[in-house]
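**Q** Just dropping this structure here.
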Amino acid sequence: MEVVDASEALRILDSSLSRINWRLKSSSKRRLQTDILALCTGMRPVIMIDYGGKMPELRDRICGFLKFSQEDSPIFEKLRVMVIEDMLYLIHVRGLAELIKLTLNKELELHFVDLEQDPPKMVTEVEKISVGAQFISLQKLFSSVFCDDARTDDVSDCRVPVVNNQPTEFIDLSHFMQDTPITVPTLNGWLLGYPVVYIFGKDHIQDAVYNLSTKSLNLFNIYVRRNGSSSKRPPQEELMSFSVPFELSIDGANEAWAAVFLAHMKARWESCKHVWESLQMEVNATYPQAIAFYKQQHFTHPPSLQIVSRVLLSISIFNQFKDMAAAQLTSTCILPSFEGLKSSTSKASSVSVAVSSPFRSLTLRSSRVMVVKSATTVAPKYTSLKPLGDRVLVKIKAAEEKTVGGILLPSTAQSKPQGGEVVAVGEGRTIGDKKLEIGVKTGTPVVYSKYAGTEVEFNGSNHLILKEDDIVGILETDDVKDLKPLNDRVLIKVEEAEETTAGGLLLTQASKEKPSIGTVIAVGPGPVNEEGNRTGLSLSPGNTVLYSKYAGNEFKGADGSDYIALRASDVMAVLS
């Protein structure tokens, strides 16, 4: 592993984020920095990206970020984006090849917790577990992709995988999971480098969730601290975390396997002390996770494998019950990747999800696994809220709870609203000697950028305070084709993606090349220049244009067509 200049890597990271207009929240950006440094320094072979957006937009942003980073420095040369079903990873191809070799050859011993058993049992010989042989077969599939020769221990010349009929921006191995009983949480435990892996088959999901959620856990956290260039010492950051049933890890960090794992991590740390000042392990016990799946009579449909796997993944790395500085967890807690899983007694499933009350007194810190996000609440004693400068206050439109056909949508399927009604505006801004008023009036229905503004709860409703420039356009109907762009924004109808390859193979949604060609539907009046005058755009409705793949805000029209609203500067060419 080559010596990594951390400051140079972070400089390039910032530059690449800027070039694709990806405005991450400070906490997400810090996590991305830590994850990238962990990959580049060899501390981790694989990291999972479950922050900064949703698929497939998140995948496209990560691909764009990595493309520009690799153009700027060889530090990022061995990094690749990998997709498995709806999970997104960044991998170091040499690090992953090494993990595959060491675990297949059993030079790096894994411990498996069999969640099909109650109580769960820990074993080191995976062959003794009902799905053990299939897990080994899955490991060998990964070896065939990432390792040139499965019989050699040398991974210095590991290849960068090229999978037939796939875009070059990312590696899609979703097909590996189609004909195997192994679940995504088991795969993740191995890929993410945990010493203890939860293992169970797809036909035992309900048993696995119940067997784990009703047990106390020990939460193992590996923390690092970066070397700082200033007098202020950098904060401690979580490098990785995993859990083990308490009864199988009573001695915590003194367990033999835990000591071996920590020694392995410290050996890696020794080679990159110029980046990381310190590394340490902390172990904390928790109550049972209180997420119980129980069978109900008269129900016929099995639970979604994808959803239940995500719940189990949530539990398996449930490491949040420590710091007192974050949101209070209540009986309506939000699970990772769920955005609002609540108690359900729906007859559409043989499973219900119950979140019990012992967690009401527990607190969370923000992490990559569980996100509890709420709007800032304005106390009832305040009766008005006046935005300042070029800011506006928008009352957020409620998420659609039903489809057009009347089907009730679960919280996971409800799109985050990107629209609302302007209820208050600031006094505007001054450019030179010109005073520019806000371009939208109260009562105007608007659409805004997905990650813009600050949410506030005011008068019992959710609102958003954002800058006028974050408003994409005015939308007075329910169809995005009627959007009236503001300022330098352009509305484009996206050209449909190819459904098949040149050889006639049907492409999955994840494998389709993201279009970057479309037809201009509407244009804004143009930006305001340094003299306070508005300059018109050179684009016109009807133009066929080529635009930056990683820019803009995507929308779905009433007829199912895809649209994108972006800045005119993100349009690269007019085609004819």
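In this text, residue positions in the sequence shown follow the UniProt record's numbering: the first is 1, and each later residue adds one. Even glycine gets a Cβ: it sits at the ideal position worked out from N, Cα and C. Everything numeric in this text was worked out from a predicted model, so none of it was measured.
Is there contact here, the region 33 to 51 with the region 518 to 533, by at least three beta-carbon pairs under 8 Å?
**A** No, they do not touch.
**Q** As a quick exercise: from Val-394, Val-480, Gly-518 and Ile-199, pick the residue whose alpha carbon is nearest that of residue 600.
**A** There is no way to answer for residue 600, as the model of the chain reaches only from 1 to 576.
**Q** Look up Met-419 in the DSSP assignment and say whether it is helix, strand or coil.
**A** Note on identity: in this sequence residue 419 is Gly, with Met being the wrong assignment. Residue state, collapsed to three classes: strand.
**Q** Among residues of its own chain, excluding the 5 on either side of Ser-16, which ones have a beta-carbon nearer than 6 Å to its beta-carbon?
**A** Phe-65, Phe-68 and Ser-69
**Q** Who does Arg-44 pair with in a DSSP beta bridge?
**A** Residue pairing by DSSP places Arg-44 opposite no residue, since no beta bridge is assigned to it.
**Q** Identify, in the order they occur along the chain, each residue of the same chain with its Cβ nearer than 6 Å to the Cβ of Glu-244, setting aside the five sequence neighbours on each side.
**A** One detail in the question is off: residue 244 reads as Val in this sequence, not Glu. These residues qualify, in order along the chain: Val-196 and Asn-218.
**Q** Are three or more beta carbon pairs between the region 128 to 141 and the region 48 to 57 nearer than 8 Å?
**A** no
**Q** Among Val-145, Arg-59, Val-528 and Lys-450, which residue has its Cα nearest to the Cα of Leu-486?
**A** Checking every option, the nearest Cα to that of Leu-486 belongs to Val-528.
**Q** Alpha carbon to alpha carbon, how far is Glu-282 from Val-224?
**A** 11 Å
**Q** Can you tell me whether DSSP reads Phe-200 as helix, strand or coil?
**A** coil
**Q** Where do the ends of the beta strand (DSSP E) carrying Val-490 lie?
**A** 489 to 494
**Q** Short check: CB of residue 580 to CB of Cys-40, under 9 Å?
**A** Any property of residue 580 remains undetermined from this structure, which presents the chain solely from 1 to 576.
**Q** Can the beta-carbon of Gly-201 be found closer than 9 Å to that of Val-131?
**A** Cβ atoms of Gly-201 and Val-131: closer than 9 Å.
**Q** By how many angstroms is the C-alpha of Ile-465 removed from the C-alpha of Glu-455?
**A** 6 Å
**Q** Rounded C-beta distance between Leu-436 and Gly-532? I'm assuming under 8 Å.
**A** 6 Å
**Q** Considering only residues of the same chain and omitting the five flanking positions on each side of Leu-385, which have a CB-CB separation below 7 Å?
**A** Val-378, Leu-393, Ala-424 and Phe-458
**Q** Quick check: the region 95 to 103 against the region 171 to 189, are at least 3 beta-carbon pairs closer than 8 Å?
**A** no
**Q** For Asn-227, which of helix, strand or coil comes out of DSSP?
**A** Asn-227 falls in the coil class under three-state DSSP.
**Q** Suppose you measure from the CA of Leu-362 to the CA of Val-260; what does that come to, to the nearest Å?
**A** Here the model assigns Leu-362 a pLDDT of 29, short of 50, so the residue's position is not dependable, and the following value carries that caveat. Cα to Cα, the separation comes out at about 32 Å.
**Q** Straight-line CA distance for Phe-318 to Pro-181?
**A** Reliability of the predicted coordinates at Phe-318 is poor, the pLDDT of 40 falling under 50, and no value is obtained from them.
**Q** Might you give, ordered along the chain, the residues of its own chain that have their beta carbon closer than 6 Å to the beta carbon of Ser-28, omitting 5 neighbours on each side?
**A** Apart from the 5 residues on each side of it in sequence, Ser-28 sits with its Cβ closer than 6 Å to the Cβ of Tyr-51 and Gly-52 in its chain, given in chain order.
**Q** With burial defined as no fewer than 16 other Cβ atoms inside 10 Å of the residue's Cβ, what is the status of Gly-95: buried or exposed?
**A** buried
**Q** What does the Cβ neighbour count give for Pro-120, buried or exposed, with the cut at 16 atoms within 10 Å?
**A** buried
**Q** Nearest-angstrom Cα distance between Arg-19 and Leu-539?
**A** 22 Å
**Q** Express the C-alpha separation of Asp-562 and Lys-556 in angstroms, rounding to a whole number.
**A** 5 Å
**Q** Please confirm whether Asn-227 and Val-275 have their CB atoms less than 9 Å apart.
**A** yes
**Q** Less than 8 Å between the CB atoms is what I'm expecting for Trp-269 and Met-43, so what's the real figure, rounded?
**A** Here Trp-269 really is in contact with Met-43; their C-beta atoms are around 7 Å apart, less than 8 Å.
**Q** For the putative contact between Val-447 and Gly-426, defined by C-beta atoms under 8 Å, what is the C-beta separation to the nearest angstrom?
**A** No, Val-447 and Gly-426 are not in contact; Cβ-Cβ is about 19 Å, not under 8 Å.
**Q** With DSSP run on the structure shown, which of helix, strand or coil describes His-274?
**A** coil
**Q** By the three-class DSSP mapping on this structure, what secondary structure does Asp-469 have?
**A** helix
**Q** Out of Arg-391, Asp-86, Lys-441 and Val-494, point me to the one whose CA is closest to Glu-468's CA.
**A** Arg-391
**Q** Taking the beta strand (DSSP E) that residue 591 falls in, what are its first and last residues?
**A** Residue numbering for the chain in the displayed model covers 1 to 576; residue 591 lies beyond these limits and cannot be assessed.
**Q** Just curious, the alpha helix (DSSP H) that Gly-132 is in, first and last residue?
**A** 132 to 146
**Q** Per DSSP, which residues does Thr-286 bridge with? Please list them.
**A** Leu-217
**Q** How about Ile-222 and Met-177: do their beta carbons lie closer than 9 Å?
**A** no
**Q** Determine the direct distance from the alpha carbon of Val-480 to that of Ala-558, and round the result to whole angstroms.
**A** Between the alpha carbons of Ala-558 and Val-480 lies a distance of about 7 Å.
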